[in-house]
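Quick note, the sequence shown lines up with residues 234 to 480 if you use our numbering.
Backbone N, C-alpha and C fix where the C-beta goes; we use that ideal spot for every residue, glycine too.
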Amino acid sequence: MLQIERLVVSYGGDPVINDFSLQVPEGSFVGLVGPNGAGKTTLMLAASGQLQPASGQVHFGGEDVYAHNLRFKRRMGFVHEEPFFYPQLTVAEFMRFVAEVKRIPAGKQEDEVAARLETVMWREPRSKRVADLSMGMRKKLAIAAAMLAHPRILFLDEALNGIDIESAFQIKSHLKTYAREGGIVILSTHVLDVVEKLCTRYLILQNGRVLSDLDAAEFADLRENGRAPDLESYIMELLHGASGPGA
């Protein structure tokens, strides 16, 4: 389980995430939704141990993420909106580098790398330099690398943007299976259709706070009762209310 307790993250003294708490059990596929500047990326960076908060705690599997940072990073995968690579490396070299960081035994690295590249339908030569890849191909490579060593939790920040339709379909199918088998996926995206099709829980953020936290079944009930015709309308109503007088 991922447990976030009273998290505060500030930039220049201004809180971006403010007194945020959340519990995410195994098998969850959480969609983070909100306007630009809502705190989605900051929350994911702090929850994954990549950004030290001003206060608060994050635990995964009962362990403090910040106290056991290296061990946690080997158990998780993170895909940034604009993935960072060593551009001089080839695809094969980059995947081997990540496999080493995640301590995959040398004798198993080749099979594991091949399996993860197949997950994202990789068809480019592995000898190709990362610098020569399109942004969509870099996203696919980042997803493949994040999935190495069967992580227990995946953080995906706009990870599916720019990926071709066929590959995206297969990746989404794999992610659903991954969550059903007990993994945790935290997905930040502006594409609400993806949220509705993939996620089992919707977390709507505004100014570093939770406006709504409901699972897919609860939202289905709202829609059936005529209280939310679709996710976009539901979110817009929440945002309008949050920015109105006295909000």
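What residue does the alpha helix (DSSP H) around residue i start on, and which one ends it?
i      : result
ASN269 : Neither: ASN269 is in no alpha helix (DSSP H) and is coded neither H nor E.
ILE376 : 368–379
MET328 : 324–334
MET354 : Looking at the DSSP string, MET354 is not in any alpha helix (DSSP H), and its letter there is neither H nor E.
VAL427 : 425–431
ARG413 : 398–413
LEU276 : 273–280
Are there 16 or more other CB atoms within 10 angstroms of the CB of residue i, so buried, or fewer, so exposed?
i      : result
PHE402 : exposed
PHE327 : buried
GLN267 : Reading off the sequence, residue 267 comes out as Gly, not Gln. Classification of GLY267: buried, given that the 10 Å Cβ count is 16 or more.
GLY479 : With a pLDDT of 34 at GLY479, under the threshold of 50, the predicted position of this residue should be treated as unreliable, though the coordinate-derived value follows. Exposed, because fewer than 16 other Cβ atoms sit within 10 Å of the Cβ of GLY479.
PRO316 : buried
GLY246 : exposed
TYR319 : exposed
LYS430 : exposed
GLY477 : Note that GLY477 scores a pLDDT of 40, beneath 50, so its modelled location is shaky; the value from the coordinates is reported in the next line. That one is exposed.
PHE253 : buried
LYS438 : A small fix is needed here, since residue 438 is Leu in this sequence, not Lys. Buried, because 16 or more other Cβ atoms sit within 10 Å of the Cβ of LEU438.
From this set, the options, which residue's C-alpha is nearest residue i's C-alpha?
i      : options                        : result
GLY294 : PRO286, ALA377, GLN285, PHE305 : PHE305
ALA378 : GLN342, ARG413, ASP397         : GLN342
GLN236 : ARG329, ARG356, ASN269, ALA279 : ALA279
GLU414 : HIS383, LEU374, GLN285, ARG456 : HIS383
MET354 : ALA364, LYS372, VAL363         : LYS372
LEU420 : ASN269, ASP365, SER261, LEU374 : SER261
LYS409 : GLU399, VAL428, HIS423         : VAL428
ALA364 : LEU322, GLY289, LEU425, LEU471 : LEU322
ALA375 : VAL346, GLN256, CYS432, ASP426 : VAL346
VAL424 : ASP446, LEU447, GLY395         : GLY395
ASN251 : ILE468, ILE404, VAL443         : VAL443
Could you check where the beta strand (DSSP E) with residue i kicks off and where it finishes?
i      : result
TYR244 : 235–244
ARG442 : 442–448
ASP247 : 247–257
ILE337 : Neither: ILE337 is in no beta strand (DSSP E) and is coded neither H nor E.
ILE386 : 386–390
ILE419 : 417–421
PHE305 : It is not in any beta strand (DSSP E) - PHE305 instead sits in the alpha helix (DSSP H) that spans 302–307.
Considering only DSSP beta bridges, list what residue i is partnered with.
i      : result
LEU436 : LEU265, ASP446
VAL291 : ILE237
Should residue i be flagged as near chain C, meaning a C-beta pair shorter than 8 Å?
i      : result
TYR467 : No chain C appears in the structure shown, which is made up of a single protein chain.
Can at least three beta-carbon pairs, one atom from the stretch 387–397 and one from the stretch 305–318, be found at a separation below 8 Å?
-> yes
Within the chosen definition, does the stretch 331–342 reach the stretch 404–421 through at least 3 CB pairs nearer than 8 Å?
-> no
At least 3 beta-carbon pairs within less than 8 Å: the stretch 280–300 vs the stretch 449–456 | no
Report yes or no: do the stretch 269–288 and the stretch 240–251 share at least 3 C-beta pairs separated by less than 8 Å?
-> yes
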